[in-house]
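Residue numbers (the working numbering), protein chains in the order written: chain A, 116 to 348; chain B, -11 to 203. From the three backbone atoms N, C-alpha and C, an ideal C-beta is built for every residue, glycine too. To start, the structure itself, in structure tokens.
Given below as structure tokens:
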């Protein structure tokens, strides 16, 4: 069975439904699945729970789904770059579950690895710990966190082969590998699809077993904070 | 004369030791990288998945796939490695990072820190801050001594939602440097021309004076 689809619309055919949970890779606008986000927007699907470290910016990335009011609930660690997010949340139009960034990453890793719960010291004594199981190990207190899975994961990689083996580039890796493993269906969009055997098998970040659908995407790769230095002399 | 932002960053850079792996937060802590002593070897970690963070790129050489945790374009070094967010926080939560320097809205005399939320007003999120303060070996806060309205930020008890409890080791403000000890807060350094009375007037938390403090 081939994993390769012509575009994101074709790759998401039969996968989307109202009220579903979607994991979306990326940190800020770096390494985000731009093609899948646009296809999800165009599909009209709504009442989404989105698990993603951030929620894009106004008008780009997941901000597009937010602006169109398709998101019912966000599970994130930081949403500070998005005014529309703050407006919808403070107006009570949007549910929000904050997770510490490392806890979010580990919950997704655990979900993909078949681990339903685990203990961390992150957040002990804060609102994050409220209502969670507390347990002491070697004299230190930890709280229980649960694994996360999703109906669909949309991830972005640099290169793939037709088996869905993925290689990410630089800091665009971030949440993508764990999310690829935690989706019931995972759609990977990549910049380049190479022939079998062309990727160094020792350098593959996400083995193809975690990827069910694959497309070659087109990317704007918008930069959020363009910071530079000037050449001396 | 109270310290400027650059002075505070320069002072914070002295917290680094040869061979340290260090995570710098967003804002003033980012400036600390500019003042690291060239005679010591320090590796900067960026929690979005990079060890060995380089300076900003030259104009025209920005790479959208290469950013720091503040979403700023940066560069790599010969020592650089990249990894996933799960591996990044294994380094942080697992106690492999030597030093975290971060900003705060409030710090208590017992080392509690609040820096992620103002209920009803600001909805940004904690990002990696809760993981950093829980897992990194040494936590140093850089912050202005008072809020823009002039209210103390070094408090007996934090009023804002906490990021962590009993986790801060040292606080560097524009007025001086404080250590959080088992016996409470200790003022260990004063900025030039700042008096103990100046500090007392703008500090809610009780603090002792370090032995040998030059006042």
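With a cut-off of 8 Å on the beta carbons, I'd call residue 222 (chain A) and residue 234 (chain A) a contact; round off their distance for me.
Wrong, their Cβ atoms sit about 12 Å apart, outside the cutoff.
So, for residue 52 (chain B): in the same chain, excluding its five sequence neighbours on each side, which residues have a beta-carbon less than 8 Å away from its beta-carbon?
Excluding its 5 nearest sequence neighbours in each direction, residue 52 (chain B) has C-beta neighbours in its own chain below 8 Å: 61, listed in chain order.
By the three-class DSSP mapping on this structure, what secondary structure does residue 299 (chain A) have?
In the structure shown, residue 299 (chain A) falls within a strand segment according to DSSP collapsed to helix, strand and coil.
Residue 19 (chain B): contacting residues in chain A (beta-carbon distance under 8 Å)
By Cβ distance, chain A contributes nothing, its closest Cβ being about 12 Å from residue 19 (chain B), past 8 Å.
At the 8 Å Cβ level, is residue 339 (chain A) part of the contact set with chain B, yes or no?
Among the residues facing chain B, residue 339 (chain A) is included, as its CB has a counterpart in that chain under 8 Å away.
Taking the beta strand (DSSP E) that residue 137 (chain A) belongs to, which residues open and close that run?
Looking at the DSSP string, the run of the beta strand (DSSP E) that includes residue 137 (chain A) is 136 to 139.
Need the endpoints of the alpha helix (DSSP H) that residue -5 (chain B) sits in, please.
Counting along the chain, residue -5 (chain B) sits inside the alpha helix (DSSP H) bounded by residues -7 to 1.
Going by the CB atoms, is the gap between residue 121 (chain B) and residue 152 (chain B) shorter than 8 Å?
Note that the C-beta distance between residue 152 (chain B) and residue 121 (chain B) is below 8 Å.
Determine the chain A residues that contact residue 74 (chain B) at a beta-carbon separation under 7 Å, and present them in chain order.
Going along chain A in sequence order, the residues near residue 74 (chain B) (Cβ under 7 Å) are 220, 221, 224, 293.
When you compare only the Cα positions, how much space is there between residue 188 (chain A) and residue 299 (chain A)?
Across the structure, residue 188 (chain A) and residue 299 (chain A) are spaced so that their CA atoms are roughly 19 Å apart.
From the DSSP secondary-structure annotation, give me the bridge partner or partners of residue 127 (chain B).
Per DSSP, B:88.
Any C-beta of chain B sitting closer than 8 Å to the C-beta of residue 192 (chain A)?
It does; some Cβ of chain B falls within 8 Å.
On the DSSP letters alone, give me the boundaries of the alpha helix (DSSP H) that residue 18 (chain B) sits inside.
16 to 19 is the extent of the alpha helix (DSSP H) around residue 18 (chain B).
Give me the DSSP bridge partner(s) of residue 164 (chain B).
Answer is B:178.
In the structure shown, what three-state DSSP assignment does residue 202 (chain A) receive?
Per DSSP, reduced to three states, the secondary structure at residue 202 (chain A) is helical.
Tell me, to the nearest whole angstrom, how far the beta carbon of residue 113 (chain B) is from that of residue 213 (chain A); I am working on the premise that it is less than 8 Å.
Right, their Cβ atoms sit about 5 Å apart.
Answer yes or no: do residue 86 (chain B) and residue 237 (chain A) have a C-beta to C-beta separation smaller than 8 Å?
Cβ atoms of residue 86 (chain B) and residue 237 (chain A): not closer than 8 Å.
Would you list the residues sitting across from residue 163 (chain A) in a DSSP beta bridge?
Residue 163 (chain A) is bridged by DSSP to A:186.
DSSP has residue 252 (chain A) in a bridge; who is on the other side?
In the DSSP output, where bridge partners are listed per residue, residue 252 (chain A) has A:255.
On a Cα-Cα basis, can you pick out the residue from B:-7, B:47, B:72, B:79 that is closest to residue 9 (chain B)?
Taking the Cα of residue 9 (chain B) as reference, the smallest distance to any Cα among B:-7, B:47, B:72, B:79 is reached at B:79.
Just to confirm, is the Cβ distance from residue 82 (chain B) to residue 168 (chain B) under 8 Å?
No, these two residues do not count as a Cβ contact at 8 Å.
Cα-Cα, which of A:288, A:303, A:315 is closest to residue 70 (chain B)?
The option with the nearest alpha carbon to residue 70 (chain B) is A:288.
Span of the alpha helix (DSSP H), counted from its first residue to its last, around residue 152 (chain A)
For residue 152 (chain A), the enclosing alpha helix (DSSP H) has its first and last residue at 149 to 158.
Output yes if chain A places a C-beta closer than 8 Å to the C-beta of residue 112 (chain B); else output no.
By this cut-off, residue 112 (chain B) is an interface position.
Environment of residue -4 (chain B) [buried if 16+ CB atoms lie within 10 Å]
Classified as buried, residue -4 (chain B) has 16 or more neighbouring CB atoms from the shown chains inside 10 Å of its CB.
Going by alpha carbons, who is nearest to residue 383 (chain A) out of A:283, A:280, A:190, A:125?
Lying before the first or after the last residue shown, residue 383 (chain A) is absent from chain A, which here runs from 116 to 348.
Residues that residue 204 (chain A) contacts on chain B, provided the C-beta gap is smaller than 8 Å
Ordered by position in chain B, the residues that pass the 8 Å Cβ test against residue 204 (chain A) are 111.
Just to confirm my understanding: we take residue 155 (chain B), look at its own chain, exclude 5 residues before and 5 after, and list those with CB closer than 7 Å. What are they?
Same-chain partners within the cutoff: 99, 101, 121, 122, 127.
Less than 8 Å between the beta carbons of residue 18 (chain B) and residue 42 (chain B), yes or no?
One thing to note: residue 18 (chain B) has its Cβ no nearer than 8 Å to the Cβ of residue 42 (chain B).
According to DSSP, residue 328 (chain A) sits in a beta bridge with which residue or residues?
As DSSP reads the structure, residue 328 (chain A) sits in a beta bridge with A:302.
Counting only beta-carbon atoms, is residue 278 (chain A) nearer than 8 Å to chain B?
Among the CB atoms of chain B, none fall inside 8 Å of the CB of residue 278 (chain A).
Does the beta-carbon of residue 59 (chain B), which I'm using as the reference point, lie nearer than 7 Å to any heavy atom of the ligand MG?
This structure lacks the ligand MG, and indeed carries no ligand of any kind.
What distance in whole Å lies between the Cβ atoms of residue 283 (chain A) and residue 272 (chain A), which are believed to be in contact at a cut-off of 8 Å?
Under the criterion of beta carbons closer than 8 Å, residue 272 (chain A) and residue 283 (chain A) qualify as touching, at roughly 5 Å.
List the residues of chain A whose Cβ lies closer than 9 Å to the Cβ of residue 44 (chain B), in chain order.
Close partners of residue 44 (chain B) in chain A (Cβ separation under 9 Å): 342, 343, 344.
Determine the DSSP secondary structure at residue 219 (chain A), reduced to helix, strand or coil.
The three-state secondary structure of residue 219 (chain A), taken from DSSP, is helix.
Does residue 286 (chain A) get closer than 8 Å to chain B when you measure Cβ to Cβ?
Yes - at least one Cβ of chain B is within 8 Å of the one on residue 286 (chain A).
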